[in-house]
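Participant:
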Amino acid sequence: MRFEADTDFIKIGGKRYMEALHQMQAHVRGEKRAQWESVDEAQWKCGSGESKQLQPQALYGYALLSNSRGHEMEDFHVAEFRTMDDAYEVGLFGIFDSHRGPQVGREVQRRLFDNILQEGGVWADPAGATRDGYLLTDRQVLECLDKEAEFGGSTAVTAMLFEHGSRLVVANVGDSRAVLCRNGEAVQLSVDHDPGRPVERAQVEMRGGMVVTLPVSPFE
333 MRFEADTDFI KIGGKRYMEA LHQMQAHVRG EKRAQWESVD EAQWKCGSGE SKQLQPQALY
393 GYALLSNSRG HEMEDFHVAE FRTMDDAYEV GLFGIFDSHR GPQVGREVQR RLFDNILQEG
453 GVWADPAGAT RDGYLLTDRQ VLECLDKEAE FGGSTAVTAM LFEHGSRLVV ANVGDSRAVL
513 CRNGEAVQLS VDHDPGRPVE RAQVEMRGGM VVTLPVSPFE
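Mapping the sequence shown onto my numbering, position 44 (from 1) lands on 376, and the numbers just tick up by one.
1) What is the rounded straight-line gap between the Cα of G393 and the Cα of G381?
2) Could you tell me the boundaries of the beta strand (DSSP E) in which A491 lies?
3) How should M492 be labelled, buried or exposed, when 16 other C-beta atoms within 10 angstroms of its C-beta is the threshold for buried?
4) Round the Cβ separation of G528 and D429 to the nearest angstrom and send it over; I've been treating them as touching at under 8 angstroms.
5) Give the straight-line distance between the Cα atoms of G516 and F445, rounded to the nearest whole angstrom.
6) Report yes if the CB atom of L521 is closer than 7 angstroms to the CB atom of V501, and no otherwise.
7) Taking G460 as part of the alpha helix (DSSP H), name the residues at either end of that continuous run.
8) Rounded to a whole number of angstroms, what is the C-alpha to C-alpha distance between Q389 and S508?
9) Taking the beta carbon of L467 as the centre, do at least 16 other beta carbons fall within 10 Å, making it buried, or is it exposed?
10) Should H409 be labelled buried (16 or more other beta-carbon atoms within 10 Å of its own) or exposed?
11) Is it true that the CB of I448 sits closer than 7 angstroms to the CB of V489?
12) Please report the distance separating the alpha-carbon of V543 from that of V536.
What follows is the structure in C-alpha cells.
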C-alpha cells in the first residue's frame, strides 16, 4: 500500500496497545514518559529514531514492557532505517513475540530482515521477497533449535518502507498485529492467525499437524 510519511502512523505489536502507544509517542516527541498506576516506570524500555534520506522525514519509536514477575524477556523487536547498495534507505520494523522461551523470537529477530533483503527480487517484488524471507527464516530456525527450545515458537509482524518511503509492505505470522493510523482512523493492516478457526485448523491438519492448547509455561 502507499504510505504517507507526513500523516500516517503505524503501530505494530501485541495487546498492551494504549500503554505502549503513549510511551512510544512521548519518547519520539522528547516528552516525559507517561505514568501508569499499574506499571512501574522502570519496566519500560523506550527508543526512537528517524530516517536520514526520506522527505518528508519519517520518525519511529518503540516501547517494551518487561515482565514484573522476574521471567526472562521474550519479546524482541527491530526498528531501524538501513541504507542498501549505498543508495536506498529502507525502513525495517518488526515485533517478535516468543513463547515457551526466548530462543525462537531471538533467532527470528536476528535473521528475518537479512533474509528478506538478500532475496534477489526484493526491489522488483518486495512482497514476494518478504514471503520467501519468512519461509527461509522458518526453516533456519527449525534447524538451529536445541532440544530445550523445540516446543517454543514466535509470532512475527513486520512493516517495511520501500521506494523512498512511499511503499509499505506488511506481513505477519501469528496474532501480533499491524495497525495504520490515517487521519485519526485506525486501519488494521494484518490478519491475525488463529488455529482455533476452522479454516486454519483444517490447513494445519491437512499438512499433518495438530492443534493443541498448552500453558504458557509448564511451571505455571
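We put the beta carbon where it would ideally sit given N, CA and C, even for glycine.
Facilitator: On the basis of the supplied data:
1) Approximately 6 angstroms between the Cα atoms of the pair.
2) First-last of the beta strand (DSSP E) with A491: 488-494.
3) By the 10 Å Cβ count, M492 comes out buried.
4) Separation of the CB atoms of G528 and D429 is rounded to 17 angstroms, and the pair is thereby denied contact status at 8 angstroms.
5) Distance between the alpha carbons of G516 and F445: 30 angstroms.
6) For L521 and V501, no; Cβs fall outside 7 angstroms.
7) 458-476 is the span of the alpha helix (DSSP H), which, as asked, contains G460.
8) In a straight line, the C-alpha of Q389 is about 27 angstroms away from that of S508.
9) L467 comes out exposed.
10) Under this definition H409 is a buried residue.
11) No, the Cβ-Cβ distance between V489 and I448 is not below 7 angstroms.
12) If you draw a straight line from the Cα of V543 to the Cα of V536, it comes to about 7 angstroms.
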